[in-house]
Amino acid sequence: MTTYASYADPANLGAREPEDMFSPHHYAAVRGKGREMRALPLWCYTSERFHQAEIDKIFLPSWNMLEREEVVPNAGDFHCITFLGANLVIARGTDDTVRVFANTCPHRGASVAEGSGNCKTLRCPYHFWAFGLDGRLIVAPNYTDPDGKPLIDESNKEQFDLPEIESGTWGGFIFVRFKQGAETLEDHLGSFVESFASHKLESMACARTVVY
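Sequential numbering from 40 applies to the sequence shown in the numbering used here.
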């Protein structure tokens, strides 16, 4: 006979999220053993507040798999993607390095790229600021003071580069981390690297995408 009593707490079925949803007493039974164990309250799967807490506490400080390198196979390729609510652009530079940037012009916040393609520069459509595939500002046309003096020069130019997101690659996958920490990507992957070495993931390609 199969029993489900140890996996679902009837008190939580259909329950609305409480104001004190992050109080430890709501989750004490989740750490129980055997028949004393309970599943997470249902609001953990439906609450916007809980989801945002997961993003802030788990996903932003951690390494996350973003995409496959094959979306930018050649130098000059770029690919736009939204992840955890952030508008990002992946670009492969002329040095063959894959980088990830905030897809936001530092001037007025417009996107510097759309969709996917190949280019020499990422360019804002509003005021035509142009950035290299390494994120560095190349030119900011007509950005001057009332006397016509340029407001950007070599002394402050790097302050206007595209914001770069910490990233790394392994096995053909692109990973990002939004909050810097001590753990490297290699440390994060740990024994997974050795365990999956024989799969040669870097030689594989995505054949189909399922959105759900």
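The C-beta atom is built at its ideal place from N, Cα and C for all residues, glycine as well.
- Contact between Arg-175 and Asp-192 does not hold, since the beta-carbon distance rounds to 14 Å and is not under 8 Å.
- It is roughly 53 Å from the alpha-carbon of His-64 to the alpha-carbon of Trp-168.
- Three or more pairs of CB atoms, one per stretch, sit closer than 8 Å, so the region 101–110 contacts the region 199–213.
- Two segments are said to touch when three or more pairs of C-beta atoms, one from each, lie closer than 8 Å; by this definition the region 112–122 touches the region 146–164.
- Judged by pairs of C-beta atoms under 8 Å, the region 217–224 touches the region 89–102, as three or more such pairs exist.
- Sixteen is the threshold: when 16 or more other Cβ atoms of the shown chains lie within 10 Å of the Cβ of Leu-172, as they do, the residue is buried.
- Within 10 angstroms of the beta-carbon of Arg-138 lie 16 or more other beta-carbons, which makes it buried.
- Here Leu-105 carries a strand assignment [DSSP, helix/strand/coil].
- For Leu-228, the enclosing alpha helix (DSSP H) covers residues 224–228.
- Here the C-alpha atom of Glu-93 lies approximately 30 Å from the C-alpha atom of Ala-246.
- In this structure, Met-60 and Ala-68 do not form a Cβ contact; the two beta carbons are roughly 15 Å apart against a cut-off of 8 Å.
- In terms of Cβ geometry, Leu-123 and Asn-142 do not form a close pair [threshold 9 Å].
- The continuous alpha helix (DSSP H) containing Thr-85 extends over residues 82–85.
- Cβ neighbours of Ala-236 within its own chain (closer than 8 Å, five residues either side excluded): none.
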